[in-house]
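Count the sequence shown with full-length UniProt numbering and you get residues 1 to 124, in order. Even for Gly, the Cβ is constructed at its ideal location relative to N, Cα and C. Note that the structure is a prediction, hence the values are computed from the model and not measured.
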Amino acid sequence: MADLKEFAEQLVNLTVKEVNELAEILKEEYGIEPAAAAVAVAGGAAAGGEEVEEQTEFDVILNAPGGSKLAVVKLVKELTGLGLKDAKALVDGAPAPVKEGVAKDEAEALKAQLEEAGAEVELK
1 MADLKEFAEQ
11 LVNLTVKEVN
21 ELAEILKEEY
31 GIEPAAAAVA
41 VAGGAAAGGE
51 EVEEQTEFDV
61 ILNAPGGSKL
71 AVVKLVKELT
81 GLGLKDAKAL
91 VDGAPAPVKE
101 GVAKDEAEAL
111 KAQLEEAGAE
121 VELK
């Protein structure tokens, strides 16, 4: 019983890299596909401060329109497909999401365009 407790303690304290190596050994040498166990242990390791997955979807948040509000309203209208009134309301309501759940590349491109127009933007 004490040996199992020690073993469990070792498993809980594995790093993400070690969990991945263990999963690979189990798969290659023993034919065991430990997907659920690896996720559970990796989740425990993540609580220790390590990141498990890279974020794939981002929200583009307009924090402030900056000095060139009209240019930002026009750009928001163009980027979102909103009407002029709705785009102005979005800009006036900052901080507000311009687009949600977009890919990293698209989010960074939107952020760059909005910042070029003078807006303060962040990705979440």
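- Inter-stretch contact (C-beta, 8 Å, three-pair minimum) for the region 67-77 and the region 110-123: yes
- Message: Looking at valine 102: is its Cβ nearer than 9 Å to the Cβ of valine 91?
- Response: no
- Please look up how many angstroms separate the CB atoms of leucine 79 and leucine 110, rounded, as I've assumed it's under 8 Å. 6 Å
- Item | Continuous beta strand (DSSP E) stretch holding lysine 27: start and end | Segment 16-30 is the alpha helix (DSSP H) holding lysine 27; no beta strand (DSSP E) there.
- Item | Per DSSP, cross-strand counterpart(s) of phenylalanine 7 | BP columns for phenylalanine 7 are empty, so no partner.
- Can you tell me whether DSSP reads alanine 94 as helix, strand or coil? coil
- Task: Please confirm whether valine 60 and valine 98 have their CB atoms less than 9 Å apart.
- Result: yes
- Query: Taking the DSSP output, what are the residues bridged to alanine 64?
  - Reply: Glu120
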